[in-house]
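Have a look at the structure below before the remarks.
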Amino acid sequence: MAILLGVMTSLLLIVGGTVTVAQQPTQQPTQNCDPAYPTDLAGNKICIPSPPPDLDCKDITYRQFVVLDPDPHNFDSDKDGIGCEGEQR
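This is the structure in structure tokens:
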């Protein structure tokens, strides 16, 4: 007889008096977030996927966010480190 118990971020499996602990990851895997676009201007983490496909500001919901080199989507047309500023949705 096996008993399966979820405890916080660990998983306990008790089989015939033996306890096995399997550690579960605490963070969700990244969704191919491009490191060139780490946060909005308030410091909140954002996720814009790496190409392909090539995205334009009209293709994403974020506005005025930090852009680091190499800026693969060319969101920072004036090269001031801020992406999709002044762009309409």
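Under mature numbering (1 follows the signal peptide of the UniProt record, and there is no 0), the letters of the sequence shown match residues -22 to -1, 1 to 67, in that order. Glycine is no exception: its CB is placed at the ideal position from the N, C-alpha and C atoms. Please read all numbers here as calculations on a predicted model, not as lab measurements.
Practice task
Tell me whether C62 sits in a helix, a strand or coil according to DSSP, three-state version.
Solution key: Taking the first residue of the sequence shown as position 1, residue 62 is located at position 84. Coil, per DSSP.
Practice task
Count the other C-beta atoms from every protein chain shown that fall within 10 angstroms of the C-beta of V64, then say buried if there are 16 or more, exposed otherwise.
Solution key: Walking along the sequence shown from the start, residue 64 turns up at place 86. It should be noted that the sequence gives Gly, not Val, for residue 64. Burial call: exposed.
Problem - Where F11 falls: helix, strand or coil (DSSP) - result: If you number the sequence shown from 1, residue 11 lands on position 33. A small fix is needed here, since residue 11 is Cys in this sequence, not Phe. Strand, per DSSP.
Problem - Short Cβ contact (8 Å threshold) for I60 with Q42 - result: As a working mapping, residue 60 is identified with position 82 in the sequence shown. As a working mapping, residue 42 is identified with position 64 in the sequence shown. Yes. Within cutoff.
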